[in-house]
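Beneath this line is the structure, given in structure tokens, with notes to follow.
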Amino acid sequence: GALLSMLQGIKASLVENGLVQGEMDYSRRIGSQFLVLEAPNDGDCLFHSVHVSQLVLDILKRSRTTLGGPGLHAEELLERLRQIPRDQLSAGAYDMRTEALRVMREQMGTFRPMIMDSLAAAASGLQSDRTSQMLRQEMARVYGVSEGSDLRPLLERPDIIEIYFAVMGTPGVFGEKAEVEALSCATRRKIGIFYLHGERIDQRGGHLPAEVFEPRVGGKVPGRSIDLLHSVAGRHYTPMVRREYLKRDKSPDRASPGTVPLVLREQRGADGLPAVTVTEPPRASAEIQKGDVIRAVDGVSMQGRNVAGVQEALSGEVGSPVELELSRQGAKPFTVRLQRVPADRSWSTRLFSR
Numbered sequence: 014g015a016l017l018s019m020l021q022g023i024k025a026s027l028v029e030n031g032l033v034q035g036e037m038d039y040s041r042r043i044g045s046q047f048l049v050l051e052a053p054n055d056g057d058c059l060f061h062s063v064h065v066s067q068l069v070l071d072i073l074k075r076s077r078t079t080l081g082g083p084g085l086h087a088e089e090l091l092e093r094l095r096q097i098p099r100d101q102l103s104a105g106a107y108d109m110r111t112e113a114l115r116v117m118r119e120q121m122g123t124f125r126p127m128i129m130d131s132l133a134a135a136a137s138g139l140q141s142d143r144t145s146q147m148l149r150q151e152m153a154r155v156y157g158v159s160e161g162s163d164l165r166p167l168l169e170r171p172d173i174i175e176i177y178f179a180v181m182g183t184p185g186v187f188g189e190k191a192e193v194e195a196l197s198c199a200t201r202r203k204i205g206i207f208y209l210h211g212e213r214i215d216q217r218g219g220h221l222p223a224e225v226f227e228p229r230v231g232g233k234v235p236g237r238s239i240d241l242l243h244s245v246a247g248r249h250y251t252p253m254v255r256r257e258y259l260k261r262d263k264s265p266d267r268a269s270p271g272t273v274p275l276v277l278r279e280q281r282g283a284d285g286l287p288a289v290t291v292t293e294p295p296r297a298s299a300e301i302q303k304g305d306v307i308r309a310v311d312g313v314s315m316q317g318r319n320v321a322g323v324q325e326a327l328s329g330e331v332g333s334p335v336e337l338e339l340s341r342q343g344a345k346p347f348t349v350r351l352q353r354v355p356a357d358r359s360w361s362t363r364l365f366s367r
């Protein structure tokens, strides 16, 4: 029995690792058509992503961006987004969550079946995701029963649907398909969801969304849609901007802004200071692995710096060399030399740090 459990665990780990790698490759492929941004890796990511997408479309509208017309370069757009205070982005995400729940209440005939499906899945005890666990806990608390008991009879309660709104109104709870559809109505925009196992390509080789949610509202719907990248393995949504909406950049020269396309994450070291680790290495280097800690950039110590500080150190002219000193658990510190690439052409552009 123990051996079987161990083998099943190894198999599940291999499947998950394969999915993670597949999603990373898909993100790179789609990066030729979209500028992939970022949302905090937490349960609010859907609402953050839709809010940031709305901001982007508003910024581009004000700049009169059209295909082939005047507008913003990718880096100009990113700079405008970076100027928005973090607390303002968080407040916008919370407002999006509130708006989604308002739409669901107003259009209960449409959303009730989806809500009841989520409650039934949670009551069955067969779902292990955090949202289902929170729904079970709230059912047990409100109705005074044991969380480990059979909760399915509670689905007959006339007020059971309030359990869903109580849980989904909590910041940090992951948004599901019902919330995506409600957000489409709230923003009056189509929302396209892109993910690996729903990959679709048109005749010209362009990427198409795996799912499209259309607003169930009357009146004219704006032409530009919201596009989100969904990681199934990470249960994470990320906003994207179609490159056709952006002003084409000229061929990069050595004066162009460049960086090393690392995906970074901030953690706390044993000394309590920030330690920035690699969550995805660049394709150009087989020496860097996930989990490596960045100790120094071009001989300058990164101790105590956050993600933004390390990214600043990684910035420089396109084509210029950069030397990274890294450490890895169980190994001695080592050095890797790379070349900087155009900052706005790396597959993922971070707007947030953790």
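In our numbering, the protein residues as written are 14 to 367. Glycine residues also receive a C-beta, built at the ideal position from the N, C-alpha and C atoms.
Does the Cβ of residue i have 16 or more other Cβ atoms within 10 Å, making it buried, or fewer, making it exposed?
i, result
"PHE178", "exposed"
"TRP211", "Trp is not the amino acid found at residue 211; the sequence shown has Gly there. Per the 10 Å Cβ criterion, exposed."
"GLY118", "Residue identity check: residue 118 is Arg in the sequence provided, not Gly. Exposed, by the Cβ-count rule."
"ARG267", "Low local confidence applies: a pLDDT of 43 at ARG267 is under 50, so the model's placement there is unreliable, with the coordinate-based value given in what follows. So ARG267 ends up on the exposed side."
"GLY44", "buried"
"GLU36", "buried"
"GLY225", "The sequence shown places Val at residue 225, not Gly. VAL225 is exposed by the Cβ-count criterion."
Specify the secondary structure class of residue i as computed by DSSP and reduced to three states.
i, result
"LEU351", "strand"
"GLN150", "helix"
"VAL33", "helix"
"VAL116", "helix"
"GLY185", "coil"
"ALA299", "coil"
"GLN324", "helix"
"VAL193", "helix"
"GLU89", "helix"
"HIS243", "strand"
"LEU277", "strand"
"ARG308", "strand"
"SER314", "strand"
If we ignore side chains and look at the alpha-carbon of each, how far apart do residue i and residue j end up?
i, j, result
"GLY343", "GLU192", "44 Å"
"ILE173", "ASP163", "15 Å"
"LEU48", "VAL331", "18 Å"
"PRO355", "ALA309", "21 Å"
"SER340", "ALA288", "11 Å"
"TYR39", "ARG170", "44 Å"
"MET253", "ARG217", "20 Å"
"LEU241", "LEU91", "17 Å"
"PRO274", "PRO295", "6 Å"
"LEU70", "ARG237", "8 Å"
"ALA87", "GLN140", "40 Å"
"ILE214", "GLY161", "45 Å"
"ASP108", "GLY304", "34 Å"
"VAL116", "ALA195", "6 Å"
Between the options, which lies nearest to residue i when the distance is taken from Cα to Cα?
i, options, result
"GLN352", "PRO346, GLY271, PRO98", "GLY271"
"VAL186", "GLY56, GLY329, ILE43", "GLY56"
"ALA113", "LEU85, SER145, ALA133, ARG201", "ARG201"
"ARG143", "THR348, PRO184, VAL69, LEU70", "PRO184"
"LEU167", "ARG248, THR111, MET129, ILE301", "MET129"
"ARG41", "GLY322, VAL276, ARG261, THR348", "VAL276"
If contacts are defined as beta-carbon pairs under 8 Å, then residue i and residue j qualify, I think. What distance do you get, rounded to the angstrom?
i, j, result
"PRO222", "ILE206", "6 Å"
"ALA135", "ARG154", "The Cβ separation is near 13 Å, so there is no contact."
"VAL33", "ALA246", "5 Å"
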